[in-house]
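First up is the structure itself, then whatever we jot down about it.
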Amino acid sequence: MSTAQNNITYHMGLDASGSHVAQTALILNDAARLTYRDLSTQVGRMVALLHTTFGLSRGDRVLTRVEKSMDSLVLYLATIRLGAIYIPLNPAYTLTETIHFVKDSDPHLFVTCNIKQDEIFANKVEHVMDSTVFFEESRQMRPDYGIECVKSDDIACICYTSGTTGSPKGAMISHGGLTWNAEALVDMWKFSQKDVLLHMLPFDHIHGMFISLNCTFFTKSSVIFRPKFDVNDALDWLPQCTVMMGVPTYYNRLMGRSNFGKDLTKNIRLFISGSAPLSTVLWENFKQRTGHEILERYGMTEAAVITTNPYNDRRKGSVGKILPGGSIRTTEDGLVQIRLPSLFSGYWKNENEAQKLFTDDGFFNTGDIGKIDDDGFLWIQGRAKDLIISGGLNVYPKEVEDAIDSLPYILESAVIGIPHNDLGEVVLAVCVPESGSHVFLHESEAIRILHTKLANYKVPKRFLCLDQLPRNAMGKVQKNILRERYHSLFGTQ
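Using full-length UniProt numbering, the letters of the sequence shown map in sequence onto residues 1 to 493.
Structure follows, in structure tokens:
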């Protein structure tokens with residue numbers, strides 16, 4: 001049944017009345033703060049723009065490639081409040097990368113921070129809007145405070161993800177799934193209206209969009225919403241916060257500052273880490289320096305948060321227990337399988353691919369290898385595939401290999417992730433050159449060219465050349481051999 005209560009924004013305090021409306025919702029900088037009443041008004045203006053000017057309604061798709069800002073947050077909230085589907089892209093994507101997402105998602109509206117590049121899509125998308133112009137137009141609208149009635153399984157967002165091969169796939173995430181996950185995390189992490197969250201995560205990823213912000217808005221608490229992670233900025237804001245969510249890279253960089261310690265973190269009650277493995281060494285050093293035990297959790301685009309360490313029982317090296325109401329198991333081979341209400345509804349336009357990942361009894365194959373101890377704690381041991389996670393961001397080797405193989409004088413390539421003290425993993429390219437190509441295509445030139453084809457975090461840090469790639473009897477490249485060979489290339493033990 002379609003009801004307003006099924007719309008996730010119903011639970012976010014965006015109504016124009018209530019005891020919480022004077023509570024600070026967003027802290028943008030020292031001078032700019034928005035109450036829940038202010039935020040509700042801005043979202044209402046955006047709803048009016050989307051519905052009245054662009055004719056959007058329930059089920060329509062909004063593709064966005066915008067910088068993180070108050071306006072981009074408002075666009076996200078307004079889209080799902082309207083019952084439309086929000087589709088975020090990394091603003092760093094090149095034109096080559098963006099083509100696939102536009103073609104696959106077939107949006108009704110595309111809002112972009114790079115109109116010069118993306119206006120080429122005007123013949124494929126009904127509305128392609130410059131984000132600066134679009135956001136200014138929204139501020140001129142009369143607010144529409146209505147909440148669209150939706151079904152619990154209606155799609156709120158499509159977030160693109162991928163394995164190590166093929167094009168990125170759009171995971172369809174429902175209003176009900178997001179609501180269930182948020183309510184579980186609020187309880188597990190003991191969020192309250194008194195909390196102040198430091199938000200420095202990207203706003204095109206489930207960590208920054210759903211996991212963090214939903215905890216804030218569901219409890220009508222406050223969030224310090226910064227454009228990106230910066231060590232100096234983090235040190236300035238930490239004393240005003242009670243919670244910080246980040247990836248291991250953030251915590252590693254904070255530890256690199258001598259003035260980071262107990263004094264700056266005395267008001268913090270909770271540090272949470274996700275999106276990439278947290279090393280036990282970093283966990284121990286962080287505790288020794290600050291007195292805080294980082295709470296590690298485990299999730300993925302297709303399921304949001306799956307497991308979390310309990311608030312009062314955080315175990316170093318473990319990603320915790322399955323959320324209440326979910327189920328988890330491992331196969332004989334150690335493959336982690338899950339079943340929980342926040343699981344995605346399938347891949348957009350790719351139902352068959354999603355079906356391959358489910359067992360006959362409804363469990364989802366995560367692609368990760370792990371073990372579950374007698375207390376129910378999950379210990380991730382590795383990834384079943386070759387996905388690289390660098391600084392909390394996913395890098396898909398096949399995409400990078402395709403870009404490298406298009407370079408002049410390159411015969412073939414293999415892309416792997418190798419350990420890095422700061423980023424967790426970095427991208428390494430191992431190439432087989434055509435005869436004499438190493439004379440003409442230097443490493444620096446290859447990197448320069450790839451920066452025009454790929455987002456920065458996907459570009460290999462190093463290019464190494466071999467006469468041939470190691471292969472098994474079936475001709476498959478043995479990336480495990482390459483990983484072992486270059487494991488310590490960046491000095492990581």
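Ideal placement from N, C-alpha and C gives every residue a C-beta, glycine not left out.
What's the gap between the Cα of residue i and the Cα of residue j?
i, j, result
"V415", "E443", "15 Å"
"S80", "I87", "The sequence as given places Ile at residue 80; Ser does not occur at that position. When rounded, the distance between both Cα atoms is 10 Å."
"N232", "L95", "32 Å"
"D118", "P107", "13 Å"
"A473", "G208", "Note that A473 scores a pLDDT of 48, beneath 50, so its modelled location is shaky; the value from the coordinates is reported in the next line. Cα to Cα, A473 sits roughly 43 Å from G208."
"V150", "L82", "9 Å"
"M12", "S167", "34 Å"
"A446", "S413", "12 Å"
"L77", "F490", "41 Å"
"K124", "D104", "11 Å"
"V319", "T52", "45 Å"
"F229", "N312", "28 Å"
"R339", "Q355", "14 Å"
"F225", "N90", "18 Å"
"L423", "S221", "31 Å"
"E126", "G59", "16 Å"
"Q478", "C465", "16 Å"
State yes or no: is the beta carbon of residue i nearer than 8 Å to at least one beta carbon in chain D?
i, result
"L213", "Annotation note: the requested chain D is absent from the structure, which comprises a single protein chain."
Which residue from the options puts its Cα closest to that of residue i?
i, options, result
"Q140", "F203, T249 and M46", "M46"
"D154", "I173, Y145 and G146", "I173"
"I380", "G325, T308 and K398", "T308"
"G246", "E296, P460 and S342", "E296"
"Q193", "F210, G177, D204 and C215", "C215"
"Y409", "G256, P433, Y93 and V426", "P433"
"R289", "T3, E148 and G261", "G261"
"S279", "N252, D263, A304 and W348", "N252"
"D375", "D361, R314 and I404", "R314"
"F341", "S152, V102, S131 and E148", "Here residue 341 turns out to be Pro, not Phe, going by the sequence shown. Looking at the Cα atoms, S152 is the closest of the given residues."
"N259", "M244, L238 and A354", "L238"
"G317", "G334, H100, E353 and P277", "P277"
"L411", "V430, E353 and I418", "V430"
What residues are listed by DSSP as bridge partners for residue i?
i, result
"S19", "S19 is not bridged to any residue."
"H420", "G424"
"L254", "Per DSSP, none; premise fails for L254."
"S222", "V196"
"C157", "Y86 and I173"
"C215", "Beta-bridge pairing links C215 to no other residue."
"residue 499", "The first residue shown for the chain is 1 and the last is 493, placing residue 499 beyond what the model contains."
"Q337", "R329 and N365"
Which residues in the same chain as residue i place their Cβ atom closer than 7 Å to its Cβ, once the five residues preceding and following it in sequence are excluded?
i, result
"L393", "Y457"
If the criterion is Cβ atoms closer than 8 Å, does the pair residue i and residue j meet it?
i, j, result
"I158", "I206", "no"
"A184", "P324", "yes"
"I449", "H175", "no"
"I268", "T242", "yes"
"P470", "V400", "no"
"A25", "I147", "no"
"S138", "L49", "yes"
"A171", "Y347", "yes"
"L56", "L14", "no"
Only counting the same chain, and skipping five residues up and downstream in sequence, which positions put a Cβ closer than 6 Å to that of residue i?
i, result
"I294", "F271, S273, W283 and F286"
"F218", "H11, A182 and V186"
"P143", "T41, G44 and R45"
"T165", "Low confidence applies to T165: its pLDDT is 48, below 50, so where it sits in the model is not reliable, and the reading given next is rough at best. Same-chain partners within the cutoff: K398."
"S275", "H207, V247 and G392"
Between which residues of its own chain and residue i is the CB-CB distance below 8 Å, once the five residues before and five after are set aside?
i, result
"I372", "I328, R329, T330, L378 and W379"
"G163", "Unreliable placement is indicated for G163, whose pLDDT of 46 sits below 50; no coordinate value is reported for it."
"R37", "A16, V21 and A22"
"T112", "T64, R65, V66, D118, V128, M129, D130 and S131"
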